[in-house]
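Numbering follows the working numbering, in which position 108 of the sequence shown is assigned residue number 128; successive positions increment by one, without gaps.
C-beta atoms are modelled at their ideal positions from N, C-alpha and C, and glycine is treated no differently.
Keep in mind the model is a prediction, meaning the values are calculated, not measured.
Working notes for the structure below.
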Amino acid sequence: MNAELMVRRGVLAIAFAGLLAGGAYAQSPDPTPQQQDIENDKKDIRNDKKDLAKDRADRNADQRDINHDKRDLAKDRADRNADQKDINHDRRDLNKDRADRNQDQRDINRDKTQLARDDQKFGANSAQAQADRKDLHADRVDRNKDQKDINQDRRDLNKDRADRNADQRDINHDKKDLANDRKDRNQDQKDINKDKKDVHKDRKDLRHDKRGH
């Protein structure tokens, strides 16, 4: 009798366990289409936020590049302008030294003529001839010094022109970089605006799906 009672209790226990399992299964059915839409909307929103954060980071990096390009451009323009001032100064110095050299050459020619006359009139060893030779020597020294200044001015002018041209190339390069970075920044801003619209749209879809419409 006890054995039969135990068997009955075992059968009842198994049946009760089956009912519990069936109830649990009934409480966890496959997600409905509405629940699936909600999950998809949440996933879309998460992806949109990631895209938005990435595009903002890209936009900020491009803005930093733009600011750097502007500083480089301003510096190169200042260098170019300083070099142009040096070029203008070198030209004035060169023109002045050429004028001095030409004047010295005229003085030399005049001294030669005067020396020849005094040699003929007073003799090569006369005081007048000696004074003419002294003047001629001084003018030749001045002429040679002016010629050295001219040569130095030319070297300075060539160097400053080379620096000015290099600065102009840097300016042109900076302008291209600035234009490219602005283009990238503007594209990133467009992407940000699009991401914002996507987030707004997906949030709207989520609210719609939660209401079950």
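Exercise for the section: Take the Cβ of R184 as the centre, count every other Cβ of all protein chains shown within 10 Å, and call the residue buried at 16 or more, exposed below. Expected result: buried
Exercise for the section: Could you say if the region 66 to 83 and the region 157 to 171 meet the contact criterion of at least three C-beta pairs nearer than 8 Å? Expected result: no
Exercise for the section: Tell me where the alpha helix (DSSP H) around A158 begins and ends. Expected result: A147 to R231
Exercise for the section: Take every Cβ of the region 167 to 176, pair it with every Cβ of the region 130 to 150, and state whether three or more of those distances are shorter than 8 Å. Expected result: no
Exercise for the section: Write down the C-beta distance between L198 and D117 rounded to the nearest angstrom, noting that I regard them as a contact closer than 8 Å. Expected result: Contact flag wrong, Cβ pair sits at about 41 Å.
Exercise for the section: Take the Cβ of A149 as the centre, count every other Cβ of all protein chains shown within 10 Å, and call the residue buried at 16 or more, exposed below. Expected result: buried
Handout entry: Where A136 falls: helix, strand or coil (DSSP)
Key = helix
Exercise for the section: Look at the Cβ atom of D194, then the Cβ atom of D64, and state whether they are nearer than 7 Å. Expected result: no
Exercise for the section: Please list, in chain order, all residues of the same chain as D113 whose beta carbon is under 7 Å from its beta carbon, the five residues on each side excluded. Expected result: D173
Problem - Other residues of its chain near D159: CB distance less than 7 Å, five sequence neighbours each side excluded - result: D124, D127, I128 and D131
Practice task
Could you check what DSSP says for A77 in three-state terms: helix, strand or coil?
Solution key: helix
Problem - Whole-Å CB distance - D106 paired with D180, under 8 Å assumed - result: 4 Å
Practice task
Determine the direct distance from the alpha carbon of D211 to that of A94, and round the result to whole angstroms.
Solution key: 30 Å
Problem - Span separating the alpha-carbon of I191 from that of D96 - result: 6 Å
Problem - Simplified DSSP assignment, three categories, for A144 - result: coil
Practice task
Flag this pair as yes or no: are the beta carbons of D208 and R66 separated by less than 7 Å?
Solution key: no
Problem - Sub-7 Å separation of D229 and I58 beta-carbons - result: yes
Handout entry: Residue of D71, R76, A151 and R153 minimising C-alpha distance to D204
Key = R76
Exercise for the section: With a threshold of 16 other CB atoms inside 10 Å of the CB of R17, please say whether the residue is buried or exposed. Expected result: Lying before the first or after the last residue shown, residue 17 is absent from the chain, which here runs from 21 to 233.
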